[in-house]
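Its first residue numbered 18, the sequence shown is counted upward by one per residue in my numbering. Structure first, commentary second.
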Amino acid sequence: MMPHSNTLLIHAGEDPRVDGAVSMPIFQSAMYLDDGAALTHDDIRYIRLNNTPNHRALAAKLAAVSGAEAALVTASGMAAISAALFSCLRAGDEVLVQADTYGGTHGLVSTELPQFGIDVTRVDGREARSWEAALTPRTRAFYVESLSNPLMQVADLESVVAFCQAHELVSIVDNTFLTPLNFRALALGFEIEVHSATKYLNGHSDLVAGVVLGSEARVKAATSILNHLGGALDPHACFLFQRGVKTLGVRMRAHNENGLRVAQFLADHPAVARVNYPGLPQHPDFERASRLFSGFSGMLSFELAGGVDASCALIERLQLPLHAPSLGGVESLITRPATTSHSELSPPERLALGVTDGLVRVSLGIEDADDLVDDFAQALDSLLER
Ligand code: PLP
Numbered sequence: 018m019m020p021h022s023n024t025l026l027i028h029a030g031e032d033p034r035v036d037g038a039v040s041m042p043i044f045q046s047a048m049y050l051d052d053g054a055a056l057t058h059d060d061i062r063y064i065r066l067n068n069t070p071n072h073r074a075l076a077a078k079l080a081a082v083s084g085a086e087a088a089l090v091t092a093s094g095m096a097a098i099s100a101a102l103f104s105c106l107r108a109g110d111e112v113l114v115q116a117d118t119y120g121g122t123h124g125l126v127s128t129e130l131p132q133f134g135i136d137v138t139r140v141d142g143r144e145a146r147s148w149e150a151a152l153t154p155r156t157r158a159f160y161v162e163s164l165s166n167p168l169m170q171v172a173d174l175e176s177v178v179a180f181c182q183a184h185e186l187v188s189i190v191d192n193t194f195l196t197p198l199n200f201r202a203l204a205l206g207f208e209i210e211v212h213s214a215t216k217y218l219n220g221h222s223d224l225v226a227g228v229v230l231g232s233e234a235r236v237k238a239a240t241s242i243l244n245h246l247g248g249a250l251d252p253h254a255c256f257l258f259q260r261g262v263k264t265l266g267v268r269m270r271a272h273n274e275n276g277l278r279v280a281q282f283l284a285d286h287p288a289v290a291r292v293n294y295p296g297l298p299q300h301p302d303f304e305r306a307s308r309l310f311s312g313f314s315g316m317l318s319f320e321l322a323g324g325v326d327a328s329c330a331l332i333e334r335l336q337l338p339l340h341a342p343s344l345g346g347v348e349s350l351i352t353r354p355a356t357t358s359h360s361e362l363s364p365p366e367r368l369a370l371g372v373t374d375g376l377v378r379v380s381l382g383i384e385d386a387d388d389l390v391d392d393f394a395q396a397l398d399s400l401l402e403r
């Protein structure tokens, strides 16, 4: 019997139980005894080398849930992204990167990669016909987000995989916004899947972590880079992450339901000019998202008819969503990407992507949908009275 995802979330990676403990203990030891056998570098057990019992148990669980051969847990989502990119790119190479990505990723590829002699070409992830022109003999990889931050665009993910296979490129997808439960990136054919586990995977807004998933060989290469860069997750954070991820299934069901419910409500409200949520039939990528995803997550963004002033007033008047950056936790969060996730970009860069100053991004938590809708209703109605 092949267990389903909730069973894997609870049980995978947990055995053998340590001294009978039902819950994985924290191994707060930086190094481990040399057992006398001839040691190679790979046999040394040390937190920075990502091979303590906490790392191993957590990685085994994440690999099982994602359908990956192997997993690497990292100290942040950016550590996962940089380890993944540096593991398949060398000086002189080029990489295609979807234009609309998280601001930190945008910063990494536009400022750091070129300093190591790696050229970056931005492409529209939804326009497969435009990619061929961006290709050169030096292109080695293609990086996309499964659901983009903050515009909730869905790249032509099937074509990305086919294009990479045809041109021998490594396909890398940041699946943070959807999680392996909503989108099976590796089963579709992506070679490397990365996550900011700070968001949905841990789900409780109390740590920063990341994950790289893929074949044994791909994860080994990313581990080697991460070990040299020093981006290991601490065992205590591994413990918290392992505890948090067990409830991913029930949390994602609630996030998916709340996302759809609030998106539908916003789309019908006269104060709202546009809603970005791929679960709405009017979203340009609705058909693709419905085919590839089993849920659309709790992430959405929208513009108000009243522009940036109305956005600021709305954020002030809402009582449930907390005004804070980041996403994917059990509590609803609201932010303007121009001031947080995309503040690293210049105003012209943001505008070119469609990230206006008034754009509002919401991460819907797992509160009761009726309460969230009531709160948005009171805050939006008050804008019409201004
Ligand atoms: N990927 C996406 C889609 C994100 O939204 C973020 C952070 O917001 C990251 C990666 C970076 O993750 P971290 O902050 O854990 O390094």
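The beta carbon of each residue, even a glycine, is placed where N, CA and C say it ideally should be. Values in this document were obtained by computation on a predicted structure and should not be read as measured data.
Best match in the options for proximity to residue i [C-alpha to C-alpha]
i: TYR217; options: GLY345, SER399, ALA254 and ALA96; result: GLY345
i: THR122; options: HIS253, PHE180, SER213 and GLU185; result: SER213
i: TYR63; options: LEU389, LEU250 and ASN192; result: LEU250
i: MET48; options: GLY296, ILE242, ASN71 and LEU75; result: ASN71
i: VAL126; options: LEU152, ALA158 and ARG143; result: ALA158
i: PRO354; options: TYR119, LEU75, VAL39 and VAL347; result: TYR119
i: PHE313; options: LEU283, PRO301 and GLU274; result: GLU274
i: ILE242; options: SER104, ALA81, PRO42 and ASP374; result: SER104
i: ILE43; options: ARG260, GLU333 and SER328; result: ARG260
i: GLY220; options: MET269, ASN244 and PHE200; result: MET269
i: LEU174; options: ARG155, ASP51 and ARG201; result: ARG201
i: MET95; options: ALA306, ILE383 and ALA239; result: ALA239
i: VAL112; options: ASP302, GLU384, VAL82 and SER188; result: SER188
i: GLU141; options: HIS253, LYS237, SER99 and GLN115; result: Here the sequence assigns Asp to residue 141, which means Glu is not the residue at that position. The candidate whose alpha carbon is nearest that of ASP141 is GLN115.
i: HIS286; options: PHE319, GLU361 and SER93; result: PHE319
i: GLU162; options: HIS272, ALA145 and GLU210; result: GLU210
i: ASN68; options: MET18, SER93 and GLY248; result: GLY248
i: GLU233; options: ALA81, SER40 and PRO364; result: ALA81
i: VAL171; options: LEU102, SER222 and ASP302; result: ASP302
i: VAL390; options: GLY371, PRO197 and SER349; result: SER349
i: ILE332; options: LEU400, PRO295, LEU277 and ALA306; result: LEU400
i: ALA100; options: THR138, LYS237, HIS58 and ALA204; result: LYS237
i: THR196; options: HIS359, ALA183, GLN182 and THR215; result: THR215
i: SER307; options: VAL178, LEU277, ILE383 and GLY53; result: LEU277
i: HIS184; options: ASN199, LEU198, LEU203 and TRP148; result: TRP148
i: ALA322; options: PHE256, ARG334 and LEU283; result: LEU283
i: LEU203; options: ARG107, GLN281, SER83 and GLN299; result: SER83
i: THR128; options: GLU361, LEU370, VAL372 and MET18; result: GLU361
i: ILE383; options: GLN281, SER328 and VAL347; result: VAL347
i: HIS253; options: GLN45, VAL39 and VAL35; result: GLN45
i: LEU108; options: LEU230, PHE310 and THR156; result: Sequence inspection shows Ala at residue 108; the Leu mentioned does not correspond to that position. Measuring from the Cα of ALA108, the nearest candidate turns out to be THR156.
i: VAL39; options: LEU224, PHE256, VAL325 and GLU402; result: PHE256
Contact test: residue i Cβ vs the ligand PLP heavy atom, cutoff 8 Å
i: TYR404; result: Because the chain in this structure spans residues 18 to 403, residue 404 falls outside the shown range and cannot be described.
i: LEU317; result: no
i: VAL161; result: no
i: LEU102; result: no
i: ILE98; result: yes
i: ASP285; result: no
i: MET19; result: no
i: ASP191; result: yes
i: THR215; result: yes
i: THR196; result: no
i: PRO342; result: yes
i: THR356; result: no
i: MET169; result: no
i: SER93; result: yes
i: ALA172; result: no
i: VAL225; result: yes
i: THR122; result: yes
i: ASN293; result: no
i: ASN199; result: no
i: ASN166; result: yes
CB-CB length for residue i against residue j, believed under 8 Å
i: PHE258; j: ALA226; result: 5 Å
i: LEU397; j: ALA288; result: 5 Å
i: LEU337; j: ASP388; result: 6 Å
i: VAL228; j: ALA145; result: With 8 Å as the limit, VAL228 and ALA145 do not qualify as a contact, their Cβ atoms being about 28 Å apart.
i: PHE393; j: VAL279; result: 6 Å
Residue i Cβ short of 8 Å to the ligand HEM heavy atom set
i: PHE282; result: Absent from the structure shown: the ligand HEM. Ligands present: the ligand PLP.
### Message
With three or more C-beta pairs closer than 8 Å as the rule, is the region 21-40 touching the region 258-269?
### Response
Yes, they touch.
### beta strand (DSSP E) runs contained entirely in the region 127-164, provided each spans 3 or more residues
Entirely contained in the region 127-164, the beta strand (DSSP E) runs reaching 3 residues are, in chain order, 136-140 and 156-162.
### Query
Any contact of the region 162-178 with the region 352-369, i.e. 3+ C-beta pairs under 8 Å?
Yes, the region 162-178 touches the region 352-369.
#### Entry: Touching by the beta-carbon criterion (3+ pairs, under 8 Å), the region 365-382 and the region 306-321
These segments touch.
### Query
Taking one C-beta from the region 187-206 and one from the region 324-343 each time, how about it: are there three or more such pairs within less than 8 Å?
They do not touch, by the three-pair rule.
#### Entry: Continuous alpha helix (DSSP H) assignments of at least 4 residues falling wholly in the region 156-219
Counting whole runs of 4 or more residues, the region 156-219 contains the alpha helix (DSSP H) stretches 174-184, 196-199 and 202-205.
### Meets three-Cβ-pair contact criterion under 8 Å: the region 80-89 and the region 126-135
Because the criterion of three Cβ pairs below 8 Å is not met, the region 80-89 and the region 126-135 do not touch.
### Cβ pair count under 8 Å reaching 3, the region 67-81 against the region 26-40
Inter-segment contact for the region 67-81 and the region 26-40 is present: three or more beta-carbon pairs are separated by less than 8 Å.
### Task
Would you mind listing the alpha helix (DSSP H) stretches within the region 232-275 that are 4+ residues and don't spill past its ends, in chain order?
The DSSP assignment places 233-246 and 252-262 as complete runs of the alpha helix (DSSP H) inside the region 232-275, in order along the chain (cut-off: 4 residues).
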